[in-house]
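Here is the structure we will look at.
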Amino acid sequence: MPLSWNEIKDRSVTFVREWEGESSEHAEAKSFWDDFFKVFGVSRRRIASFEKHVKKANGKDGFIDLFWPGVLLAEHKSLGKNLDSAYDQATDYFPGLSDKELPRYIIVSDFARFRIRNLDTDEAVEFPLTELSKNLSLFGFIAGYETREYKEQDPVNIKAAQKLAELHDALKDVGYEGHELEVYLVRILFCLFADDTGIFMPRSAFEDFIRVRTSEDGSDLAPHLNQIFQTLNTKPEKRFRNLDEQIEAFPYVNGRLFEEYLPQASFDRSMRETLLACCELDWGGISPAIFGSLFQGIMDAKVRRNLGAHYTSEKNILKVIGPLFMDGLWSEFDRIKSQRTKLAAFHAKLGRLNFFDPACGCGNFLVISYRELRLLELEVIKRLHARDQQQLSMDAVDQYVLVDVDQFHGIEIEEWPVQIARVAMWLIDHQMNLLVGKAFGQTLVRIPLKKSANVVHGNALHLDWNSVLAADKCNYVFGNPPFIGAKLMTRGQREDMAVACSDIPGAGLLDFVAAWYAKAIRYATTATRCAFVSTNSVCQGEQAPLLWGWMLSQNANIDFAHRTFKWRNEAKGVAAVHCVIVGFSQTSTQQKTIFDYQDIDGEPVLISAKNINPYLVDAPNILLTNRTRPICDVPKVGIGNKPIDGGYYLLTPEERKTLIRAEPKAKKLIKRWYGATEFLNSVERYCLWLADVEPSELRAMPAVTDIVQKVRRFRLGEIDAKSGRKSKGGQSSKALAATPTKFHVNNLPSSDYLLIPRHSSESRALIPMGFMSVDDLSGDANLISASASKFHFGVLQSAMHMAWVRTTCGRLESRYRYSAGIVYNNFPWPLQARDQQKEAISTAAQHVLDARSQFPGSTLADLYDPLSMPPALVRAHRALDRAVDAAYVKDGGKRSWATEADRVAFLFDQHQKILSLIPVKVAASKRAQTN
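Rendered as structure tokens:
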């Protein structure tokens, strides 16, 4: 097991301290590298050697300073020597190495500086020795961690989308709208791209015509555009013989792109300038995936929310298609690239693969997948035809390109993005053809268009997917289905869910995305692999056992998974959602990979797994049921007081003073009130507590009885809530009207108690909990326990418990939603902890409370904000974590954990062991656990 990152960081600080100021290459270089590998918990002797002998390109002997075959080549120089020449010297050794020995990384150093280059990505980073701890992730491969980076979209793409959106809005403002506007804008998109990529000759023919041949006031721009569109749709032999020469130069495009008749638009000076501004951008390097950004940018915000259209950035798409198919295809290519017969068969295979996105939007997944597949195919073509590469005619080269857009299929519910997706696929096809042409020294332009992506306009949850692509021909299903919570769906979407999830018990509690999982696993054959981006709720809380209990019964296996990460994209109103990616199929793969995020805003670390369970950890397929009691011998927790009072019993400080002035005897009936917000933010609030008041005493206080009367009328549905929200007037509320002085749930412990907020910000490393006075009232936004000790508080405030929480709890938006039934009652406590270990936890827990008390003017929200958390509190929690981790050692735990995923995997194993010890009458039902 690799060292934890904390341990590696500590070792790196020691390494820097010991080696600062060293300068002699020959005297100390070997010791330097031995110590460097020790930073990562690796013995250099086991993997790398010094002074590896090779023959250089000039035939002379060379000696590599440090060599790890297939992974790393390092060249070391004395202090202050030129690192560029060191790098050149390192690459001079390559001719003497076999393909298998060629390294992925080159490192050059002069003691005081490091430069590392990743030869796979051609990215280089240089930094001083003193900043080693800040750059440790670059060397993660040494410790067994592989960090994968995904690039964000080029900003010029965003600018192009925004500028085109301006043109869209201007046309819409003058009354050109609906379907006609959508098709019109798609045609302009194509022309802008064609102008910069050699489809239109000469280049910039479209821009030049608009700039030179149309009036500055824009009055004649629309008819000229219509004439261009008509020409692009007409074969040369069918065109008018007296056609303007500049118009005649535009090629015949076909593809039905310019076929439909559209009414003429209308332009003015400003709109013409906007179109020319679009022309001035360089569309040659634009990623067709930006059209997804365009789509989201011009949609009505309300419509966008209802559709759940969270546009998928290129970075996130690569996280899906890499482990789903591209990584495997590249690996296969690397294995056979020197075997011509196998390589030709592999090439033919690429041309037969079929890809399906059943929620494709503007086609971003299809576009990026097509691009990546064509890049791989280009390498195959170069290998197969390297000898005669420059002599081949373009006709011959065109025959070698086997991958085409008609291998890509999709479903989209809205017509406008369907239009965008089809054109985007043509554009990416042309970009890839340009690359092929560049490799063979000529331009390859597949105009007129012959094939197109099969993107269907329809409702994916009602359509038979076989009508789009027969299941036995489908290799991969992927995408980003809509992000809509179970409680936020429209009536129509609930009906869609009912159709797609008719045989899933409890489907009404599932998020909308679950419907695509259900359709996909029914559609897939044993040869089909699937992967979806989803909100992380489908692998947490109450949804995980509902969805994955059914998915497992359908023979679903999770092949790879990205654990929770923060999703962002380039579109307007950028979505910031906590997501997961789940790759699944009906055939279990031998190689399973978890992408774990130590920082949800950062890059993932790759972890090999034996099994990936529904909570996306390497553990058995356990499904956590909603339990009424803990699986361990620990205090029960329950919800706090639930008034159902319309807010009339809850008082602000001013309302409290007003009531006491009017009714001095009411003072003893008022208690401090704590909901989750009040607890975390020290908000002062009070509650009128009448559960034990004598009737005669109550009647003697008119101001109080007036409040009781309002509560009664609220429960009957006669008046609105104090907050201004209208009363629902449900039957349960009406039944409570008979006892208006009592709460719906009364939970007043007889002693001090532990309070656990049910909702807390995801930005905090843990959910702050605390002990409350018996005189304080806790609301139902919290869980409480009257018999919890400092030991229980300490375990619940530990990194171990929070790892469990983050994996198993539900979410409210992105916030933690802590529950008794799923989270607390299923949590495996340290069963074999000795009394002295429990005492150590209790002591450490008290130190946490003491550290909090040092800052009486700060709220818990202040104290646990990652930016303002005091060092004293940080140290107290680290000591508590060490004490809790030590208590789990006899159960099979560790004193130091490499990743949070490792912690959770251990806890699931513990959960399974504990269940095996529970008598049958108490154990969960068969649905609770699937192995």
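Last residue of the sequence shown: number 931 in UniProt numbering, and the count goes up by one each step with no gaps.
Quick reminder that beta carbons are idealized off the backbone N, C-alpha and C, glycines included.
Please read these numbers as outputs of a predicted model, since none were measured by experiment.
Expected contact under 8 Å - CB spacing of residue i and residue j to nearest Å
i	j	result
Gly583	Arg529	7 Å
Arg895	Asp885	5 Å
His792	Leu754	7 Å
Val455	Glu412	6 Å
Ile447	Ile188	That belief does not hold up - the Cβ atoms of Ile447 and Ile188 are roughly 18 Å apart, past 8 Å.
Asp332	Phe355	The amino acid occupying residue 332 in the given sequence is Glu; Asp does not appear at that position. Their Cβ separation, rounded to whole angstroms, is 17 Å, which puts Glu332 and Phe355 out of contact at 8 Å.
Ser842	Lys790	4 Å
Leu373	Leu350	6 Å
Element boundaries [beta strand (DSSP E), containing residue i]
i	result
Gly62	Asp61 to Trp68
Tyr523	No beta strand (DSSP E) contains Tyr523, which is instead part of the alpha helix (DSSP H) from Ala514 to Tyr523.
Asp120	First-last for Asp120: undefined, no H or E at that position.
Phe408	Phe408 to Glu412
Val577	Val577 to Ser585
Asn454	Asn454 to His457
Ile784	Asn782 to Ser785
Tyr261	Careful: Tyr261 lies outside any beta strand (DSSP E) and carries neither H nor E.
Ile670	Ile670 to Tyr674
residue 951	Because the chain here runs from 1 to 931, residue 951 falls outside it and cannot be looked at.
Closest residue to residue i among the options (Cα-Cα distance)
i	options	result
Ile622	Gln586, Ile607, Leu547 and Ile660	Leu547
Asp645	Ser49, Asn555 and Lys742	Lys742
Ser787	Pro749, Ser858 and Ser763	Pro749
Glu684	Thr274, His911 and Glu654	Glu654
Asp596	Met769, Gly361 and Ile581	Ile581
Glu314	Val617, Gly284 and Leu366	Leu366
Ser763	Gln339, Leu863 and Ala518	Leu863
Val874	Ala861, Arg629, Pro856 and Val848	Val848
Glu379	Leu79, Met432 and Ala359	Met432
Tyr184	Lys100, Leu831 and Gln419	Gln419
Gln590	Gly328, Cys579 and Ala424	Gly328
Trp426	Val320, Arg256 and Phe206	Arg256
Lys337	Val174, Leu384 and Pro695	Leu384
Val39	Asp84, Phe139, Ala90 and Lys56	Phe139
Pro95	Val108, Lys60 and His76	Lys60
Thr564	Gln540, Tyr261 and Asn233	Gln540
Tyr686	Asp775, Ser204, Ile612 and Ala883	Asp775
Ala453	Gln407, Ser137 and Ile558	Gln407
Close beta carbons around residue i, own chain, < 6 Å, minus the five adjacent residues each side
i	result
Ser916	none
Leu907	Trp804 and Pro828
Asp429	Val405
Val904	Val617, Ala803 and Thr807
Met271	Ala170 and Gly218
Ile914	Ile631 and Pro828
8 Å Cβ shell around residue i - same chain, five flanking residues per side excluded
i	result
Asp511	Phe483, Ile484, Gly485, Ala486, Ser534, Thr535, Ser537, Val538 and Gln543
Val708	Leu690, Leu698, Pro740 and Thr741
Leu736	Ile644, Arg715, Lys742 and His744
Tyr105	Val71, Leu72, Leu73, Ile116, Arg117, Asn118, Leu119 and Phe141
Met489	Met497 and Phe512
Glu216	Arg269 and Arg272
Trp283	Ala160, Leu192, Phe193, Asp195, Asp196 and Thr197
Leu680	Pro757, Ser760, Pro768, Thr859, Leu860 and Ala861
C-beta neighbour in chain D for residue i, strict 8 Å
i	result
Arg811	In summary, chain D is missing from the structure at hand, where a single protein chain is found.
Own chain partners of residue i with C-beta closer than 7 Å, once the 5 adjacent residues on each side are dropped
i	result
Arg148	Interpretation of Arg148 is limited by its pLDDT of 49, a score under 50 that renders its predicted location unreliable; no figure is taken from the coordinates.
Phe50	Lys30, Asp65 and Leu66
Ser773	Asp752
residue 934	Outside the modelled stretch of the chain, which goes from 1 to 931, sits residue 934, for which no answer is possible.
Lys151	Caution applies to Lys151, whose pLDDT of 47 falls short of 50 and renders its modelled position unreliable; the value that the coordinates give is listed next. Closer than 7 Å at the Cβ level, and outside the excluded window around Lys151, lie Lys315.
Boundaries of the alpha helix (DSSP H) in which residue i is found, first to last residue
i	result
Trp550	Gln543 to Ser553
Phe333	Asp327 to Ile336
Ser916	Glu900 to Leu917
Glu75	No alpha helix (DSSP H) holds Glu75; the beta strand (DSSP E) holding it covers Leu72 to His76.
Residue i beta carbon near the ligand FAD (any heavy atom closer than 7 Å)
i	result
Asn58	Of ligands this structure carries none, so the ligand FAD is not represented either.
Determine, using beta-carbon pairs with one atom in the stretch 188-208 and one in the stretch 244-261, whether at least three such pairs fall under 8 Å. yes
State whether the stretch 358-374 contacts the stretch 124-139, with contact taken as three or more CB pairs (one from each stretch) at a distance under 8 Å. no
Please determine if the stretch 494-503 and the stretch 455-464 are in contact, where contact requires at least 3 C-beta pairs separated by less than 8 Å. yes
For the stretch 42-49 and the stretch 81-93, state whether three or more C-beta atom pairs, one from each stretch, are separated by less than 8 Å. Flag = no, the stretch 42-49 and the stretch 81-93 do not touch.
Is the stretch 552-559 close to the stretch 518-532, with three or more CB pairs under 8 Å? yes
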